[in-house]
Amino acid sequence: DDCIGHPHVLPYLEQLFERDISHCCSELKLPRIAVTPVFSEWMARIQHPHFGLECFFVCQNASQKMSIRLLPSIRSTLASEETPSDFMIFSLAVILRFLTPIGDQPRVGESPPVFVGRLDVAGGTAEDFSYVSGL
């Protein structure tokens with residue numbers, strides 16, 4: 137939840153919407169005036185003290201979020217003969233880095249292989265680690 141309080145996060149999300157996500161309006165045949173209130177409502181929700189941006193909610197289905205939410209915006213931007221912004225490129229880089237396994241991979245030989253990353257408990261128990269506080 138400390139993430140949303142960082143002074144760069146909300147301006148970053150606003151720029152991502154303005155420079156990239158809003159390009160989908162023409163592809164979806166929606167007026168921008170219909171999409172902007174949805175974005176504003178979402179921005180209000182993520183700032184609500186009881187909603188938060190817990191790790192679980194941000195990273196759950198990251199690869200699907202990338203293909204469903206970000207890649208269509210990139211296609212729309214390119215169709216408008218524009219270049220995706222640095223904000224969009226950063227979003228993709230963060231998701232890809234999150235999905236990239238790091239360190240020793242002791243279970244890679246299993247079928248299917250199991251990859252280990254930073255969020256996996258190493259030597260601890262489930263009680264030592266939580267994706268969502270209070271659950």
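Under this note's numbering, the first residue of the sequence shown carries the number 137, and numbering increases by one thereafter. All C-beta atoms, glycine included, are put in the ideal place defined by N, C-alpha and C.
Notebook entry, point to check: Taking contact to mean at least 3 C-beta pairs separated by less than 8 Å, is the region 149-158 in contact with the region 218-233?
Noted result: yes
Item checked: Cβ separation of residue 214 and residue 227, assumed to be a contact under 8 Å, to the nearest whole Å -> Residue mapping note: residue 214 aligns to position 78 of the sequence shown, counting from 1. Residue mapping note: residue 227 aligns to position 91 of the sequence shown, counting from 1. Rounded, the Cβ-Cβ distance is 16 Å, inconsistent with contact.
Checklist line | Beta-carbon proximity list for residue 252, same chain, < 8 Å, skipping 5 on both sides | finding: Sequence index remark: in the sequence shown, residue 252 carries index 116 (1-based). Excluding positions up to five away in sequence, the list reads 237, 238, 239, 240, 241, 242, 243, 258.
Check: residue 181 lies in the alpha helix (DSSP H); which residues open and close that run?
Finding: Looking up residue 181 in the sequence shown gives position 45. Here the alpha helix (DSSP H) through residue 181 covers 168-182.
Next item on the list: Out of 229, 222, 249, 201, state which residue places its alpha-carbon closest to the alpha-carbon of residue 151.
Entry: Stepping through the sequence shown from its first residue, residue 151 is reached at position 15. Answer by Cα proximity: 222.
Next item on the list: For the alpha helix (DSSP H) containing residue 231, list its first residue and its last residue.
Entry: One-based indexing of the sequence shown puts residue 231 at position 95. Start and end: 222-235.
Check: Exposed or buried, which one is residue 139 when buried takes at least 16 other CB atoms within 10 Å?
Finding: On the sequence shown, residue 139 is found 3 positions in, with the first residue counted as 1. Exposed, because fewer than 16 other Cβ atoms sit within 10 Å of the Cβ of residue 139.
Next item on the list: Quick one: using the 10 Å Cβ neighbour count with 16 as the cut-off for buried, is residue 159 buried or exposed?
Entry: Residue numbering aside, residue 159 sits at position 23 when the sequence shown is read from its first letter. Counting Cβ neighbours within 10 Å, residue 159 comes out buried, since at least 16 surround it.
Margin query: My assumption, with CB atoms under 8 Å, is that residue 162 sits in contact with residue 212. Please give the rounded CB distance.
Written below: Your numbering for residue 162 matches position 26 in the sequence shown. Your numbering for residue 212 matches position 76 in the sequence shown. That belief holds up - the Cβ atoms of residue 162 and residue 212 are roughly 7 Å apart, short of 8 Å.
Checklist line | For residue 146 and residue 182, the rounded distance between their alpha carbons | finding: The count along the sequence shown starts at 1 and reaches residue 182 at position 46. The count along the sequence shown starts at 1 and reaches residue 146 at position 10. Taking the straight line from one Cα to the other gives about 10 Å.
Checklist line | Where residue 209 falls, given that 16 or more other Cβ within 10 Å makes a residue buried | finding: Taking the sequence shown and counting its residues from 1, one reaches residue 209 at position 73. When all chains shown are included, residue 209 counts as buried.
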